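Below is one structure, written out as structure tokens, with a few remarks after it.
2 protein chains.
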Amino acid sequence: MARPPKRLARDSRQAILDGAATEFAARGFAGTSVDRIARRAEVNKAMIYYHFRSKEALYRVILRSVFLSLGQRARAIAASDLPPPEQVDALVEAIMREGEARPHFPPMMLREIAEGGRCLDARTFRAMAAVFLAAREVIDRGVQTGAFVAVDPMLTYFTMLGPVMFYLGTSSLRAAIGRSRAGVDPRTDPATFVAHLQAMLRRALCAPASARAARPLARRRTTRAGDRP
Amino acid sequence: MARPPKRLARDSRQAILDGAATEFAARGFAGTSVDRIARRAEVNKAMIYYHFRSKEALYRVILRSVFLSLGQRARAIAASDLPPPEQVDALVEAIMREGEARPHFPPMMLREIAEGGRCLDARTFRAMAAVFLAAREVIDRGVQTGAFVAVDPMLTYFTMLGPVMFYLGTSSLRAAIGRSRAGVDPRTDPATFVAHLQAMLRRALCAPASARAARPLARRRTTRAGDRP
DNA sequence: GTCTATAAATAGATAGAC
DNA sequence: GTCTATCTATTTATAGAC
Numbered sequence: 008m009a010r011p012p013k014r015l016a017r018d019s020r021q022a023i024l025d026g027a028a029t030e031f032a033a034r035g036f037a038g039t040s041v042d043r044i045a046r047r048a049e050v051n052k053a054m055i056y057y058h059f060r061s062k063e064a065l066y067r068v069i070l071r072s073v074f075l076s077l078g079q080r081a082r083a084i085a086a087s088d089l090p091p092p093e094q095v096d097a098l099v100e101a102i103m104r105e106g107e108a109r110p111h112f113p114p115m116m117l118r119e120i121a122e123g124g125r126c127l128d129a130r131t132f133r134a135m136a137a138v139f140l141a142a143r144e145v146i147d148r149g150v151q152t153g154a155f156v157a158v159d160p161m162l163t164y165f166t167m168l169g170p171v172m173f174y175l176g177t178s179s180l181r182a183a184i185g186r187s188r189a190g191v192d193p194r195t196d197p198a199t200f201v202a203h204l205q206a207m208l209r210r211a212l213c214a215p216a217s218a219r220a221a222r223p224l225a226r227r228r229t230t231r232a233g234d235r236p
Numbered sequence: 008m009a010r011p012p013k014r015l016a017r018d019s020r021q022a023i024l025d026g027a028a029t030e031f032a033a034r035g036f037a038g039t040s041v042d043r044i045a046r047r048a049e050v051n052k053a054m055i056y057y058h059f060r061s062k063e064a065l066y067r068v069i070l071r072s073v074f075l076s077l078g079q080r081a082r083a084i085a086a087s088d089l090p091p092p093e094q095v096d097a098l099v100e101a102i103m104r105e106g107e108a109r110p111h112f113p114p115m116m117l118r119e120i121a122e123g124g125r126c127l128d129a130r131t132f133r134a135m136a137a138v139f140l141a142a143r144e145v146i147d148r149g150v151q152t153g154a155f156v157a158v159d160p161m162l163t164y165f166t167m168l169g170p171v172m173f174y175l176g177t178s179s180l181r182a183a184i185g186r187s188r189a190g191v192d193p194r195t196d197p198a199t200f201v202a203h204l205q206a207m208l209r210r211a212l213c214a215p216a217s218a219r220a221a222r223p224l225a226r227r228r229t230t231r232a233g234d235r236p
């Protein structure tokens with residue numbers, strides 16, 4: 008009654024997802040052939056079309072899962088009752104954790120950014136927007152309560168997310184530069200970088216204790232829809 | 008004696024460079040076919056192989072010119088006699104200007120980052136490193152003179168460059184999100200973002216006036232080659 | 001320098017046996 | 001669910017006329 012050596016259905020599907028994520032991250036959608044995915048996943052090429060309609064459908068499944076996961080983490084942090092500075096810390100850490108837990112996430116996101124979202128569907132758009140909305144909520148609250156100086160939430164969001172994405176995305180590039188003879192070794196561990204960014208954001212965002220007392224609701228102008236430059 | 012209507016040699020070469028830069032930025036190296044480049048540049052496909060050895064050689068020429076240009080700007084700023092805070096402002100502005108002057112630069116850089124530098128030659132590596140070395144010089148000087156609080160130059164570099172690359176790179180993505188019904192319009196003009204980032208970096212980097220008097224050369228430990236985590 | 005035509009390799013996708 | 005074999009379109013690149 009022992010199981011046949013044949014792999015279970017869920018196994019081959021998962022192997023395809025894992026292998027495809029690795030390949031798409033390293034070489035992009037156009038740069039990855041279905042043959043390569045099959046080879047890496049150690050499945051037959053036809054299996055990919057059995058489990059997924061097309062190369063593009065497979066790509067979309069992977070991409071969406073990544074953004075949905077990050078969106079959930081961000082929403083949970085915004086809904087928590089931590090004070091705004093700690094929420095900012097948590098957001099930075101969450102993005103970093105997500106990037107470490109799924110190494111294919113940063114390269115795929117960078118590529119999608121470069122692509123200008125040409126291949127993203129509405130659901131993935133919303134998941135990306137959810138991360139921003141959560142961050143905006145946190146920053147807005149910080150400004151309103153006087154914990155933060157008056158900053159634009161969206162621009163601040165870029166300043167939080169940008170460094171983490173840049174750090175995560177450049178991980179293999181930095182390793183390559185470090186191995187090469189360019190005269191620099193830009194390799195550091197993620198925890199150090201998180202601590203650095205959190206400290207920078209604290210100093211940049213938190214209002215000096217003296218100014219924290221009285222703060223009316225003036226100067227809360229932020230960028231919104233219809234604000235085109 | 009009027010010139011024949013035939014295009015000059017330099018024109019077709021430049022047309023190829025321009026068209027290829029646009030296409031590579033939008034679709035990546037693998038996603039761009041030589042046919043597309045020829046169509047966009049309005050030249051015959053064979054002309055591309057006449058002026059450049061291969062698709063890859065053409066790509067490399069464009070990529071290298073972008074990094075060399077940014078590296079030069081950065082070195083000039085580091086060599087200037089501005090005080091460190093103004094030099095940081097200038098670096099941020101230079102990266103932004105470069106990205107605006109050559110719209111293909113941000114997407115191409117993001118893609119190369121995602122690629123992990125697999126296709127970069129030593130010269131391009133050095134050009135990328137030059138930008139970092141210039142920034143490190145500026146930050147080191149700021150810390151040494153007591154203008155800045157003690158920060159790690161490399162991590163700080165990520166915190167400067169990351170937001171700008173993220174902002175620039177997401178320009179078309181943000182436009183797409185703004186046009187869509189995602190409930191946000193993340194479009195802002197570059198000058199506003201530069202001002203925001205400069206202000207954030209000032210608050211994050213500049214030492215409070217009280218602490219700016221005495222600062223011995225202690226605590227100048229920074230990440231260097233051979234520092235692997 | 002510019003073009004047409006085409007070679008040679010590789011891509012995504014499917015039919016059909018088991 | 002899994003595999004082999006193959007169809008068709010597209011790709012990079014070149015040969016050779018003008």
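If you read the protein sequences in the order shown, they are chains C and X.
According to this note's numbering, the first sequence is numbered sequentially starting from 8.
According to this note's numbering, the second sequence is numbered sequentially starting from 8.
Glycine included, C-beta positions come from ideal geometry on N, C-alpha and C.
This one's a predicted model, so the numbers in the text were calculated from it and none came from an experiment.
{"query": "Boundaries (first-last residue) of the alpha helix (DSSP H) holding X/P160", "result": "160-176"}
{"query": "Proximal residues to X/R80 (C-beta, below 6 Å), its chain only, five neighbours per side dropped", "result": "A101"}
{"query": "With 16 other Cβ atoms within 10 Å as the buried cut-off, status of C/A142", "result": "buried"}
{"query": "Neighbour-count burial assignment, C/E30, 16 or more Cβ in a 10 Å radius", "result": "buried"}
{"query": "Cross-chain neighbours of X/T177 in chain C, by beta carbon under 7 Å", "result": "I120"}
{"query": "Start and end residues, alpha helix (DSSP H) containing C/R46", "result": "41-48"}
{"query": "Residues bridged to X/C126 (per DSSP)", "result": "The partner list for X/C126 (beta bridge, DSSP) is empty, contrary to what the question assumes."}
{"query": "Buried versus exposed, by CB contacts within 10 Å (16 or more), C/A22", "result": "buried"}
{"query": "Enclosing alpha helix (DSSP H) for C/F200 [first to last residue]", "result": "197-212"}
{"query": "Where X/A198 falls, given that 16 or more other Cβ within 10 Å makes a residue buried", "result": "exposed"}
{"query": "Complete alpha helix (DSSP H) runs within the segment 23-83 of chain X (minimum length 4 residues, chain order)", "result": "41-48, 52-58"}
{"query": "C/D192, enclosing alpha helix (DSSP H) - first and last residue", "result": "Taken as a continuous stretch (DSSP letters only), C/D192 belongs to no alpha helix (DSSP H), as it is neither H nor E."}
{"query": "Separation of C/I146 from C/V1, as counted between CA atoms", "result": "There is simply no residue 1 of chain C to check, as chain C begins at 8 and stops at 236 in what is shown."}
{"query": "X/A101, enclosing alpha helix (DSSP H) - first and last residue", "result": "91-108"}
{"query": "Beta-carbon spacing of C/M135, C/F74 below 7 Å", "result": "yes"}
{"query": "Under 7 Å between C-beta atoms of C/M207 and X/T166", "result": "yes"}
{"query": "C/L117 at chain X interface by Cβ criterion, 7 Å", "result": "yes"}
{"query": "Proximity test, Cβ basis, 7 Å: X/M103 and chain C", "result": "no"}
{"query": "Per-residue burial, C/S19 [other beta carbons within 10 Å of its own, 16 or more giving buried]", "result": "buried"}
{"query": "Any non-hydrogen atom of the ligand ADP within 6 Å of C/E122 CB", "result": "With respect to the ligand ADP, the structure shown offers nothing to examine, as it has no ligands at all."}
{"query": "Where the segment 53-86 of chain X meets chain C: residues whose CB sits under 7 Å from a CB there", "result": "none"}
{"query": "Meets three-Cβ-pair contact criterion under 8 Å: the segment 120-135 of chain X and the segment 63-74 of chain X", "result": "yes"}
{"query": "Contact the segment 152-170 of chain X vs the segment 118-130 of chain X: 3+ CB pairs below 8 Å", "result": "no"}
{"query": "Span separating the alpha-carbon of X/A216 from that of C/A214", "result": "16 Å"}
{"query": "Chain X contact for C/Q21 (CB, 7 Å cutoff)", "result": "no"}
{"query": "Any C-beta of chain X under 7 Å from that of C/L162", "result": "yes"}
{"query": "Residue burial classification, C/S61 (beta-carbon count within 10 angstroms, cutoff 16)", "result": "exposed"}
{"query": "Residues that DSSP places opposite X/F139 in a beta bridge", "result": "Paired residues: none, contrary to the question."}
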